[in-house]
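Taking my numbering, the leading residue of the sequence shown gets 38, the next gets one more, and so forth. Glycine residues also receive a C-beta, built at the ideal position from the N, C-alpha and C atoms.
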Amino acid sequence: MTTDYDPIAEQYKRSKQQPWRTFVESFTLMDLVGDPSGLAVLDVACGEGFYTRMIRQRGAAQVTGVDLSQGMIDLARQQEAQYQLGIDYVVADARELGDVARYDLTVAAYLLNYASTRDELQSMCDGIARSLKPGGRFVTVNCHPGQHFPDAPSYRKYGFETTVTSDWREGAPIKWTFYLDDGPFNIENYYLSVATHEEAFRKAGFRQVNWHSPRLSPDGLRGREPEYWATLLERSPVTFIESVK
């Protein structure tokens with residue numbers, strides 16, 4: 038987990054406004070989350086609270102956001118002070134979540150892809166499992182472990198690129214470069230296989246693991262032809278996982 042989000046917190050917040058993140062990432066993730074009305078929800082790696090607020094606004098009874106970055110949590114708390122949604126934001130490591138078992142749903146946008154080893158991935162999955170009640174669900178969007186990134190296509194027209202400069206093996210770093218109006222910034226993910234992910238889920242106590250492809254919101258076709266989205270959907274760098282404890 039080498040990416041330091043503190044100096045890029047504001048840029049990463051603005052990258053959430055890229056059209057692909059609205060019409061593909063957010064649309065698919067929230068569709069999998071479903072109706073959170075009345076649920077206790079934990080948002081792990083919540084960043085500045087983008088999805089945390091969305092889930093609360095959709096009716097969740099209790100929402101907590103945790104992130105390792107103090108800078109991200111500071112941004113989230115600033116927006117909580119402004120909008121007063123009743124969300125708690127805490128600086129915490131997903132690998133060290135206590136044995137709370139009080140959430141109906143745990144959500145994460147890009148968490149597991151920061152594990153560079155099987156042990157780190159297992160620690161994350163264990164922490165997530167500890168946060169959930171029996172029967173609770175975990176829903177996440179993740180860098181796609183089934184994508185062969187060394188020969189991935191260009192995603193530049195969507196506002197980002199992916200790069201691999203080392204041998205393709207478990208633990209290999211994947212650099213994501215996001216392009217904003219005021220310049221680019223980078224984050225680093227790591228490759229661990231689909232099988233490694235499924236093993237970690239099983240060991241953590243999840244009895245069901247489902248993989249979902251990204252879907253395009255109908256709003257994404259307003260002003261854009263379907264061909265515009267073809268590369269992102271057919272050779273997607275992201276995937277969505279739903280698992281049940």
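Rank the options by C-alpha distance to the C-alpha of residue i and give the top, closest one.
i: Asp141; options: Ala209, Ala98, Leu122 and Phe222; result: Ala98
i: Ala145; options: Val81, His181 and Thr101; result: Val81
i: Gln245; options: Ser254, Arg252 and Glu235; result: Glu235
i: Glu225; options: Pro210, Ala232 and Phe64; result: Pro210
i: Thr177; options: Tyr49, Met67 and Ile278; result: Ile278
i: Gly108; options: Lys50, Gly71 and Gln55; result: Lys50
i: Leu122; options: Arg95, Arg239, Ala241 and Thr143; result: Arg95
i: Ala166; options: Thr59, Ala267 and Gly242; result: Gly242
i: Asn247; options: Asp136, Leu69, Phe222 and Arg261; result: Leu69
i: Tyr120; options: Arg239, Leu76, Arg90 and Thr143; result: Arg90
i: Ala138; options: Ala232, Gly164 and Ala129; result: Gly164
According to DSSP, which residues form a beta bridge with residue i?
i: Asn226; result: Ile211
i: Asn179; result: Thr276
i: Val125; result: Checking the displayed sequence, the identity of residue 125 turns out to be Asp instead of Val. Answer is Thr101, bridged to Asp125.
i: Gly220; result: Leu217
i: His249; result: Phe277
i: Asp136; result: DSSP, once it has assigned bridges, lists no residue as partnering Asp136.
Just checking my contact of residue i with residue j at CB under 8 Å: how many whole Å lie between their CB atoms?
i: Glu133; j: Tyr126; result: Not really, about 17 Å apart at Cβ, beyond 8 Å.
i: His181; j: Thr101; result: Actually they are not in contact, since the Cβ atoms of His181 and Thr101 sit about 27 Å apart, beyond 8 Å.
i: Arg33; j: Thr65; result: Here the chain has residues from 38 to 282 only, and residue 33 is not among them.
i: Tyr111; j: Cys83; result: Sequence inspection shows Asp at residue 111; the Tyr mentioned does not correspond to that position. No, Asp111 and Cys83 are not in contact; Cβ-Cβ is about 12 Å, not under 8 Å.
i: Ser106; j: Tyr227; result: About 18 Å; that fails the 8 Å criterion.
i: Ala113; j: Gly86; result: 4 Å
Checking contacts by CB at 7 Å: is residue i closer than that to chain B?
i: Leu258; result: Going by chain labels, chain B is absent from the structure shown, which holds only one protein chain.
One question on the structure: do residue i and residue j come within less than 7 Å of each other, judged by their Cβ atoms?
i: Leu158; j: Leu229; result: yes
i: Thr268; j: Pro187; result: no
i: Lys240; j: Leu169; result: no
i: Ser280; j: Phe238; result: yes
i: Phe60; j: Ser203; result: no
i: Ile124; j: Arg155; result: no
Under 8 Å: do the region 183 to 196 and the region 211 to 224 share three or more Cβ pairs, one atom per stretch? yes
For the region 169 to 176 against the region 265 to 276, are there 3 or more C-beta pairs whose distance is under 8 Å? no
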